[in-house]
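Written out below as structure tokens is the structure these notes cover.
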Amino acid sequence: MTPTITAFERSPDRGRGLARDMRVRWALEEVGQPYEVRLVSFSEMKEPAHLALHPFGQIPTYEEGDLALFESGAIVFHIAERHGGLLPDDANARARAISWMFAALNTMEPPILERQTARLLEGDKTWYEQRLPVVDDRIRDRLGELSGRLGDADWLDGAFSAGDLMMVHVLLRLSGSGILDEYPNLSTYVARGEARPAYKRAFAAQLAVFTGKSQTG
Ligand code: GTB
Numbered sequence: 011m012t013p014t015i016t017a018f019e020r021s022p023d024r025g026r027g028l029a030r031d032m033r034v035r036w037a038l039e040e041v042g043q044p045y046e047v048r049l050v051s052f053s054e055m056k057e058p059a060h061l062a063l064h065p066f067g068q069i070p071t072y073e074e075g076d077l078a079l080f081e082s083g084a085i086v087f088h089i090a091e092r093h094g095g096l097l098p099d100d101a102n103a104r105a106r107a108i109s110w111m112f113a114a115l116n117t118m119e120p121p122i123l124e125r126q127t128a129r130l131l132e133g134d135k136t137w138y139e140q141r142l143p144v145v146d147d148r149i150r151d152r153l154g155e156l157s158g159r160l161g162d163a164d165w166l167d168g169a170f171s172a173g174d175l176m177m178v179h180v181l182l183r184l185s186g187s188g189i190l191d192e193y194p195n196l197s198t199y200v201a202r203g204e205a206r207p208a209y210k211r212a213f214a215a216q217l218a219v220f221t222g223k224s225q226t227g
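Residue numbers (this note's numbering): 11 to 227.
Structural data, given as structure tokens:
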């Protein structure tokens with residue numbers, strides 16, 4: 011059965027692939043699972059039909075038969091469990107890859123999100139210029155630790171996994187900040203993720219929504 015995901019009808023990132031449908035699209039492309047996309051406007055996201063799928067009125071969602079999921083992490087995990095290619099077969103390696111998924115979402119993403127929230131909601135406050143370096147240093151703490159662990163490896167734990175997919179997508183939200191450039195091995199790691207054919211297909215598909223060349227919706 012072909013799953014259907016939801017994505018922004020008009021993404022605020024103007025097709026830069028930073029919205030969280032991108033990680034779901036990427037996972038589906040990695041495992042070779044075709045999918046359909048239903049585009050939703052900001053107002054539609056808050057209407058009962060969408061709230062029945064997503065209690066917080068957000069994207070992405072995932073529907074497959076009578077299964078409906080929300081939360082990008084849960085969706086990518088579901089895809090990785092149902093298809094080969096995103097989680098190792100070995101039980102311990104699999105558990106470690108899942109740890110990296112959680113680390114991306116629970117340890118790396120919060121300070122990165124804090125930076126964006128501060129810029130968006132507090133950028134006009136008198137204390138913003140003092141706060142930003144504090145937030146950035148919290149990000150640097152995590153990036154330094156991640157950089158140390160990655161070292162000169164291609165991926166976080168052996169072969170590419172759903173853990174890398176999540177981590178790369180989370181780190182991409184630092185694009186344009188210059189912070190990632192301070193960690194050359196992490197910059198290369200992110201570029202390695204972006205170079206994957208599945209990433210490129212997913213990126214092109216979400217960009218096509220923005221440019222109006224999408225076949226779905
Ligand atoms: N924890 C949830 C998950 O991982 O799925 C978070 C989902 C979420 O934040 N969804 C956002 C949303 O629907 C879109 S991705 N927002 C609408 C709302 O809450 O009303 C977040 C996002 C938005 C914009 C950019 N951007 O412009 O760069 C990047 C990421």
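Virtual Cβ for every residue (Gly too), placed ideally from N, Cα, C.
Start and end residues, alpha helix (DSSP H) containing Ile-15: Along the sequence shown, one-based indexing puts residue 15 at 5. No alpha helix (DSSP H) holds Ile-15; the beta strand (DSSP E) holding it covers 14 to 18.
Cβ of Asp-23 versus every heavy atom of the ligand GTB: is any distance shorter than 8 Å? The residue labelled residue 23 in the question sits at position 13 within the sequence shown. The answer is yes for Asp-23.
With the cut-off set at 9 Å, would you say Asp-146 and Arg-125 are in Cβ contact? The count along the sequence shown starts at 1 and reaches residue 146 at position 136. The count along the sequence shown starts at 1 and reaches residue 125 at position 115. Yes. Within cutoff.
Could you check the C-alpha separation between Leu-28 and Pro-44 for me, to the nearest Å? By one-based count along the sequence shown, residue 28 stands at place 18. By one-based count along the sequence shown, residue 44 stands at place 34. Distance between the alpha carbons of Leu-28 and Pro-44: 21 Å.
Straight-line Cα distance separating Ile-149 from Val-47: On the sequence shown, residue 47 is found 37 positions in, with the first residue counted as 1. On the sequence shown, residue 149 is found 139 positions in, with the first residue counted as 1. For Val-47 and Ile-149, the distance between alpha carbons rounds to 33 Å.
If you measure between the beta carbons of Leu-123 and Ala-172, is that distance less than 9 Å? Your numbering for residue 123 matches position 113 in the sequence shown. Your numbering for residue 172 matches position 162 in the sequence shown. In this structure, Ala-172 does not lie closer than 9 Å to Leu-123 by Cβ.
Looking only at DSSP bridge pairs, what is Leu-63 linked to? Taking the sequence shown and counting its residues from 1, one reaches residue 63 at position 53. Beta-bridge pairing links Leu-63 to no other residue.
By DSSP's criteria, Val-50 is part of a beta bridge. Which residues make up the other side? One-based indexing of the sequence shown puts residue 50 at position 40. Phe-18.
Report whether the distance from the Cβ of Ser-51 to the nearest heavy atom of the ligand GTB is below 8 Å. Mapped onto the sequence shown, residue 51 falls at position 41. No - the ligand GTB has no heavy atom lying nearer than 8 Å to the Cβ of Ser-51.
Shorter than 8 Å, the distance from the beta carbon of Leu-196 to the closest heavy atom of the ligand GTB, or not? Taking the sequence shown and counting its residues from 1, one reaches residue 196 at position 186. Not under cutoff, so the answer is no.
Can you name the start and end residues of the alpha helix (DSSP H) that Thr-117 belongs to? Here the question's residue 117 lines up with position 107 in the sequence shown. Note, Thr-117: premise wrong, no alpha helix (DSSP H); not H, not E.
Given 8 Å as the limit, tell me if Leu-175 has its C-beta closer than that to any heavy atom belonging to the ligand GTB. Position 165 of the sequence shown, counted from the first residue, corresponds to residue 175. Checking every heavy atom of the ligand GTB against the Cβ of Leu-175, none is found closer than 8 Å.
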